[in-house]
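Mind the numbering: the sequence shown is residues 1311 to 1731 in my numbering, read in order. No residue lacks a Cβ here, since even glycine has one placed at the ideal position from N, Cα and C. Each remark here refers to the structure printed beneath this line.
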Amino acid sequence: MVGAFSFARRKEGSDAVLPWPQVNPGDDRCAELAIAEQGWSSRFAGSCSRLHSPHTTSVVIGAESAVAAGMMSRSLPTRRGLQALVLVLATSYATILLYQAVAQRQWIDEVNVAEVSRSVIVEAPASRRIISEESPPVTPPVATATMAPYATNLDDVFISVKTTKHYHHSRLPVIIATWFQFAKNQTWFFTDREDPYFQNQTNGHMIDTKCSSSHNRRALCCKMSVEFDRFLASNRKWFCHFDDDNYVNVPRLLKLLDNYNPREDWYLGKPSIPSPLEIVRQGPEPQRRPQKVKFWFATGGAGFCISRALALKMTPVAGGGKFITVGDKIRLPDDVTMGYIIEYLLKKNLTVVDQFHSHLEPMKFLNKDTFHEQVSFSYSKGSRDEWNILKIDGFDLKDDPKRFKSIHCHLFPHVPYCPHR
1311 MVGAFSFARR KEGSDAVLPW PQVNPGDDRC AELAIAEQGW SSRFAGSCSR
1361 LHSPHTTSVV IGAESAVAAG MMSRSLPTRR GLQALVLVLA TSYATILLYQ
1411 AVAQRQWIDE VNVAEVSRSV IVEAPASRRI ISEESPPVTP PVATATMAPY
1461 ATNLDDVFIS VKTTKHYHHS RLPVIIATWF QFAKNQTWFF TDREDPYFQN
1511 QTNGHMIDTK CSSSHNRRAL CCKMSVEFDR FLASNRKWFC HFDDDNYVNV
1561 PRLLKLLDNY NPREDWYLGK PSIPSPLEIV RQGPEPQRRP QKVKFWFATG
1611 GAGFCISRAL ALKMTPVAGG GKFITVGDKI RLPDDVTMGY IIEYLLKKNL
1661 TVVDQFHSHL EPMKFLNKDT FHEQVSFSYS KGSRDEWNIL KIDGFDLKDD
1711 PKRFKSIHCH LFPHVPYCPH R
């Protein structure tokens, strides 16, 4: 203020400093406010117009112009800032609307896609879907998967054939000439006497069990015990037992085992009785009261297979010769003892496979068109010299009384000695 008034007085050309104009107390307050504001505010301009000096009035008017110019220069960027802010808000709002529309449509596409786990399809509830009337409904793609079956190699199987010295020459030659040729390294013959001739014929696959040559239950359990222990030592995945009166369709056996995982508990075979076997055994101590026990068993005359997983569970009960002890306890043959251990003691069920056949069945009723599907065949001779054999064309009955050669050539006509290959 002092500088402004001094400047106004000197504009008239006088170097003398004029006395300060007289102002009232209100004008002094105006000056104080102006200095406090540190700028040419509108309040200072309006209040200071009451000054009495005409020179001062002109200076105040000039101040009003300066203040107005300052207000205009300050208000201009403020308006532009407001415009920019409005533009940013509008753009943000439009972006949010667009994102909601796109995200919502994408969410609908995702929840409509079915989740497939093997054969179970889980679909989103209809209440959560948005159905458009303008566009036709789109069927979501459904993924399907098929579990690959377990592939069984010939080396995965341990095939045992129970025989005796009495049948070496009457039963083994036809087996060696037919299906044994398809599984030379996997098939072992368990007998009760050393036989150098057949040891040579089987490439060293004759095993002397040191068991009795009789057909009583203890002798049978003795041989089965050796078979079971030899399988455990082989580290193979399947134990398949057959008798020396069985023809084994080796390719069909492998195909059957493809349907089962050897890491699981499997007892595959066919019973020879229409209902579970019921026996009476001594109960647990201290009462030791007799109790009835029921269980199924696969007949050994048709053949049966046990997975390695199940065999390992049987080891504490049947391994290391203990199979004979169990047979002695229930006083039953080898195949029945096997069923007792698996079905009753281990609580594992028999899986019935109708493609196993024993001499207890009438072979002539098997359909020729289904021979390729069967796993095993058998034969027997009745009391009146009547043969229970397959009804099939092929070799003469004198050359092939058991029909093993004929069924072998029927299944595998490329074999060199087959007459109609």
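Could you spell out where the alpha helix (DSSP H) holding residue i opens and where it closes?
i       : result
Ser1470 : Careful: Ser1470 lies outside any alpha helix (DSSP H), inside the beta strand (DSSP E) at 1467–1472.
His1551 : Careful: His1551 lies outside any alpha helix (DSSP H), inside the beta strand (DSSP E) at 1548–1553.
Cys1615 : Here Cys1615 belongs to no alpha helix (DSSP H); instead the beta strand (DSSP E) covers 1614–1617.
Gln1511 : 1506–1511
Val1560 : 1560–1567
Met1534 : 1527–1544
Arg1481 : 1478–1487
Met1648 : 1644–1649
Straight-line CA distance for residue i to residue j?
i       : j       : result
Glu1433 : Asp1679 : For Glu1433, the predicted model reports a pLDDT of 35, less than 50, meaning its position is unreliable and no value from the coordinates is stated.
Lys1580 : Pro1726 : 33 Å
Ser1582 : Ala1608 : 7 Å
Glu1574 : Ser1617 : 7 Å
Ser1716 : Asn1559 : 13 Å
Asp1710 : Pro1483 : 12 Å
Ser1585 : Asp1664 : 15 Å
His1682 : Pro1723 : 12 Å
Asn1472 : Gly1514 : With the sequence shown as reference, residue 1472 is identified as Lys, and Asn is not the correct amino acid for it. Spanning the two alpha carbons is a distance of roughly 16 Å.
Cys1719 : Ala1493 : 17 Å
Ile1634 : Arg1527 : 10 Å
Ser1686 : Lys1547 : 20 Å
His1478 : Thr1625 : 31 Å
Arg1389 : Val1396 : 11 Å
Asp1554 : Asp1518 : 15 Å
Ile1469 : Ile1699 : 23 Å
Thr1405 : Leu1399 : 10 Å
Gly1631 : His1669 : 29 Å
Cys1521 : Tyr1654 : 27 Å
In this structure, does DSSP put residue i in helix, strand or coil?
i       : result
Lys1678 : helix
Gly1579 : strand
Gln1684 : coil
Val1464 : Sequence inspection shows Leu at residue 1464; the Val mentioned does not correspond to that position. Looking at Leu1464 - three-state DSSP - the assignment turns out to be helix.
Phe1607 : coil
Thr1405 : helix
Gln1601 : strand
Asp1518 : strand
Lys1274 : The question about residue 1274 has no answer, for the chain in this structure spans 1311 to 1731.
Val1663 : coil
Tyr1570 : coil
Assuming residue i is part of the beta strand (DSSP E), what are its boundary residues?
i       : result
Gly1629 : Note, Gly1629: premise wrong, no beta strand (DSSP E); not H, not E.
Thr1497 : 1497–1501
Glu1588 : 1587–1592
Between residue i and residue j, how many whole angstroms is the CB-CB distance? I'm expecting something under 8 Å.
i       : j       : result
Cys1550 : Val1467 : 6 Å
Ile1651 : Val1636 : 6 Å
Ala1612 : Phe1666 : 4 Å
Lys1565 : Glu1588 : Not confirmed; about 35 Å, so no contact.
Ser1523 : Thr1474 : 5 Å
Met1673 : Ser1688 : 7 Å
Leu1656 : Gly1649 : Actually they are not in contact, since the Cβ atoms of Leu1656 and Gly1649 sit about 11 Å apart, beyond 8 Å.
Asp1465 : Gln1496 : 7 Å
Asp1644 : Cys1531 : 5 Å
At a cut-off of 7 Å, would you count residue i as near the ligand ATP, judging by its Cβ distance to the nearest heavy atom?
i       : result
Val1685 : The ligand ATP is not part of the structure shown, which contains no ligands of any sort.
Query raised in the report: Which runs of the alpha helix (DSSP H), 4 residues or longer, sit entirely within the region 1694–1731?
Result: 1714–1721
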